[in-house]
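The structure appears right after this line, and notes come after that.
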Amino acid sequence: MEVYKGTVWCMFISVFESKTENVIAALFFKDAVTKTTIDHVADLLSIDVKEHVMTSFSHEKYSLMKSIMIELAQLENFEHYISFIMDPSEYARVWVTKHMNETIFNRNHDNCSTYGILAKRHIQELLTQLVECVAKATRQCKQNNEDKPCRNTDKDHVQQGFKHKCIQRRPHGIGGFRNIHDKKLAVEFCNFQVSSKASFKFHD
242 MEVYKGTVWC MFISVFESKT ENVIAALFFK DAVTKTTIDH VADLLSIDVK EHVMTSFSHE
302 KYSLMKSIMI ELAQLENFEH YISFIMDPSE YARVWVTKHM NETIFNRNHD NCSTYGILAK
362 RHIQELLTQL VECVAKATRQ CKQNNEDKPC RNTDKDHVQQ GFKHKCIQRR PHGIGGFRNI
422 HDKKLAVEFC NFQVSSKASF KFHD
């Protein structure tokens, strides 16, 4: 039970604030997707950063050593020479770390860093896959110009006289609804919003 203390507390707070069960599920889903995305992108970025640094030296130790030697000559600092002679591996490690930080995290004229560009690309790819998975959800019923999971799994159930029975409504954000104040996708469901004090604004 200790492991789930945080989850139970979050659920209690949500219920206390009169959120519906659907909204609670959406918030947990959002948190789970966020954490998974961060972990996955972090793993991918570690590979990207290594590849980026190696590419900058043409994947050759010779190119790396040449760059270090050129900088040592330009610095004309005797202490740096001694450090390199005493422990060339440690000097190279510190030098590569400094070079990597400058290359990866320094911002360009568009105020973007290489790290940010790489992260954005991976996040966009993951979001595209997520949207495709949601759009391809099985056992859906086309009703009211919207795909919704239906309790009746027969695709012709409406023609057979069985009404549409929605199992799970989706957050309005999937349909493009956003909160006006922060432009973030809406996570609440329609059956919650219609009973709230929220107002809606349509635009092209």
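In the numbering used here, each residue's number is its place in the sequence shown (first place is 1) plus 241.
No residue lacks a Cβ here, since even glycine has one placed at the ideal position from N, Cα and C.
Quick one: measure Cβ to Cβ for residue i and residue j, integer angstroms, because I've assumed they're closer than 8 Å.
| i | j | result |
| --- | --- | --- |
| S297 | T338 | The pair is not a contact, with the Cβ atoms about 14 Å apart (cut-off 8 Å). |
| V282 | M341 | That belief does not hold up - the Cβ atoms of V282 and M341 are roughly 18 Å apart, past 8 Å. |
Taking Cβ positions, are residue i and residue j nearer each other than 8 Å?
| i | j | result |
| --- | --- | --- |
| D289 | L368 | no |
| L316 | F325 | no |
| W336 | I309 | yes |
| S354 | R348 | yes |
Shortest alpha-carbon distance to residue i belongs to which of the options?
| i | options | result |
| --- | --- | --- |
| V274 | E312, I364, M341, V335 | I364 |
| S287 | Q401, M327, G357 | G357 |
| Y303 | G402, A333, D328, R419 | A333 |
| M306 | F418, D284, S330, I323 | S330 |
| D272 | L285, G247, D284, F319 | G247 |
| T278 | D397, Q401, E366 | E366 |
| L371 | F319, L285, F270 | F270 |
Indicate the three-state DSSP secondary structure (helix, strand or coil) for residue i in the structure shown.
| i | result |
| --- | --- |
| G247 | helix |
_Length at least 4, wholly inside the segment 295-353: the alpha helix (DSSP H) runs in chain order_ = Segments of the alpha helix (DSSP H) lying fully in the segment 295-353: 302-316, 319-327, 329-346.
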